[in-house]
């Protein structure tokens with residue numbers, strides 16, 4: 002991925018090929034400024050690569066118009082942000098419901114129950130009608146996770162999801178995110194410079210691989 006800087010060009014990413022298997026947990030490591038967020042934004046179609054192509058679930062994002070790309074992202078990709086990106090005037094429940102309004106994967110009559118179910122699953126069943134300002138950072142990120150999963154996307158990307166949290170919440174939020182993605186059968190890609198979180202993702206993927214192997218052997 003190249004960016005113009007004055008009269009020159011800066012190459013931020015130079016990846017010949019990257020394949021992420023469906024249903025896996027993948028961690029992207031590297032210091033700030035190494036291109037992790039750029040890569041996530043390319044994977045989700047927010048950015049268009051200066052060369053090459055990106056396919057998600059067999060769909061070539063570069064072949065889509067901007068409106069179709071936005072629609073595809075809303076329906077098939079969930080994004081967990083470092084800074085939460087919740088809408089301040091909306092309650093936790095309404096923040097999750099809003100994400101469903103941009104897609105058509107969840108029938109309208111099921112959206113409210115789906116949003117409540119997800120918020121209860123992340124431990125916020127008692128905070129449905131609280132606004133972001135009334136929630137701790139950890140609770141806001143839990144809303145962000147519920148929102149990312151709302152439309153049952155095949156791909157979840159998380160950009161430094163624990164960087165804005167209080168010390169000690171890294172493993173709690175990491176476990177929750179990985180567990181929910183497993184339950185929803187979503188592929189998870191996390192970008193982080195936190196070695197503790199990346200080690201957790203590695204352990205989760207190793208355990209998932211072992212479980213799959215045991216299931217195959219048992220059958």
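Numbering (this note's numbering), first residue to last: 2 to 220. Glycine included, each C-beta is placed from N, C-alpha and C at the ideal position.
Which two residues bound the contiguous alpha helix (DSSP H) that contains residue i?
| i | result |
| --- | --- |
| residue 15 | Taken as a continuous stretch (DSSP letters only), residue 15 belongs to no alpha helix (DSSP H), as it is neither H nor E. |
| residue 146 | 138-150 |
| residue 43 | 37-44 |
Going by the CB atoms, is the gap between residue j and residue i shorter than 8 Å?
| i | j | result |
| --- | --- | --- |
| residue 72 | residue 46 | no |
| residue 1 | residue 141 | The requested residue 1 is not part of the displayed model; the chain covers only 2 to 220. |
| residue 129 | residue 188 | no |
| residue 155 | residue 58 | yes |
| residue 113 | residue 152 | no |
| residue 178 | residue 162 | yes |
| residue 160 | residue 38 | yes |
| residue 55 | residue 44 | yes |
| residue 190 | residue 49 | no |
| residue 167 | residue 138 | yes |
| residue 119 | residue 150 | yes |
| residue 104 | residue 76 | yes |
Which residues mark the beginning and the end of the beta strand (DSSP E) in which residue i is found?
| i | result |
| --- | --- |
| residue 169 | Here residue 169 belongs to no beta strand (DSSP E), and DSSP marks it neither H nor E. |
| residue 27 | 26-29 |
| residue 156 | 156-160 |
| residue 188 | 188-192 |
Give the C-beta separation of residue i and residue j to the nearest angstrom, bearing in mind that I take them to be a contact with Cβ-Cβ under 8 Å.
| i | j | result |
| --- | --- | --- |
| residue 165 | residue 30 | Actually they do not touch by this definition, with Cβ atoms about 18 Å apart. |
| residue 143 | residue 96 | With a Cβ gap of about 11 Å, residue 143 and residue 96 do not count as contacting. |
| residue 87 | residue 145 | 7 Å |
| residue 205 | residue 41 | 19 Å between Cβ atoms; not a contact. |
| residue 116 | residue 98 | 5 Å |
| residue 24 | residue 186 | 6 Å |
| residue 201 | residue 169 | The pair is not a contact, with the Cβ atoms about 14 Å apart (cut-off 8 Å). |
Fill in: Ordered list of alpha helix (DSSP H) runs contained in the region 55-114, each at least 4 residues
67-77 and 93-101
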